[in-house]
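Asker:
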Amino acid sequence: MKTIATGGVASLFEGAFPTIDHFDQDLTSRGLLEIFRRNGGKL
35 MKTIATGGVA SLFEGAFPTI DHFDQDLTSR GLLEIFRRNG GKL
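Okay, so the sequence shown: first residue is 35 according to the working numbering, each after it adds one.
Okay, here's the thing in structure tokens:
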């Protein structure tokens, strides 16, 4: 299983925990944008 740290402060923990495999500050934003696009660009 892979562990991903997300959010604006995730970079503060980079290198501090060997159990975190990847850091992605924009994961939630990209996910919401994908949902928006799949809904035809409508709210």
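Glycine residues also receive a C-beta, built at the ideal position from the N, C-alpha and C atoms.
1) Measuring straight from C-alpha to C-alpha, what distance separates E48 and S63?
2) What's the call for A39, buried or exposed, on a 16-neighbour Cβ count within 10 Å?
3) Entirely within the stretch 36 to 74 and at least 4 residues each: give me those alpha helix (DSSP H) ranges in chain order.
4) Rounded to whole angstroms, what is the Cα-Cα separation between L61 and G74?
Answerer: The relevant details are as follows:
1) 20 Å
2) buried
3) 61 to 72
4) 20 Å
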